[in-house]
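Numbering (this note's numbering), first residue to last: 1039 to 1189.
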């Protein structure tokens, strides 16, 4: 009986610790889209961006929004990954050919909806239309970071 209780306690502790563990990388891909070089470069840039600051940018490459509205999907992703208000997520839905930038509550003064729309419309979309997926993604991230460097 004691052994069973101990095992259950250990399993529960391991699962609760695992659920709260921070994401170990900044570019999370469920489908091939970006090159390994681009993923490595982005992970490095995003790690540098977060270093010593209470903010982070994550890139999620998914197959599809699965018929869901992009806003609803991003909210559910936010909850599922236990992200806080100091996070920005850039979602690329490969099969839907759609993108979304969602900004946490604590960062929306630095990156407004208008600026996020500009990044998607003027940087991401033209590059993706030319099949320059790495370039479009990297330039989008560079522009987001620049918004935080403004005084």
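For glycine and all other residues, C-beta sits at the position ideal for the given N, C-alpha and C. Since we're looking at a predicted model, the values are computed, not measured.
Go ahead and label residue i buried or exposed: buried means 16 or more other beta carbons lie within 10 angstroms of its beta carbon, across all protein chains shown.
| i | result |
| --- | --- |
| residue 1175 | buried |
| residue 1118 | exposed |
| residue 1152 | exposed |
| residue 1094 | buried |
| residue 1085 | exposed |
| residue 1109 | exposed |
| residue 1073 | exposed |
| residue 1184 | exposed |
| residue 1164 | exposed |
What are the start and end residues of the beta strand (DSSP E) that includes residue i?
| i | result |
| --- | --- |
| residue 1069 | No beta strand (DSSP E) holds residue 1069; DSSP gives it neither H nor E. |
| residue 1094 | 1094-1100 |
I need the boundaries of the alpha helix (DSSP H) containing residue i, first residue and last residue.
| i | result |
| --- | --- |
| residue 1184 | 1171-1187 |
Just checking my contact of residue i with residue j at CB under 8 Å: how many whole Å lie between their CB atoms?
| i | j | result |
| --- | --- | --- |
| residue 1137 | residue 1162 | 5 Å |
| residue 1112 | residue 1129 | 6 Å |
| residue 1186 | residue 1148 | 5 Å |
| residue 1122 | residue 1142 | 6 Å |
**Request:** Ignoring anything shorter than 3 residues or poking outside the segment 1112-1167, list the beta strand (DSSP E) runs there in chain order.
**Result:** Annotation note: the segment 1112-1167 contains the following uninterrupted beta strand (DSSP E) runs of length 3 or greater, listed N- to C-terminal: 1125-1131 and 1136-1141.
**Message:** Tell me whether the segment 1072-1081 and the segment 1167-1181 touch, counting them as touching only if at least three CB pairs, one residue from each stretch, are closer than 8 Å.
**Reply:** yes
**Asked** Between the segment 1086-1101 and the segment 1153-1161, do three or more beta carbon pairs fall short of 8 Å?
**Response** no
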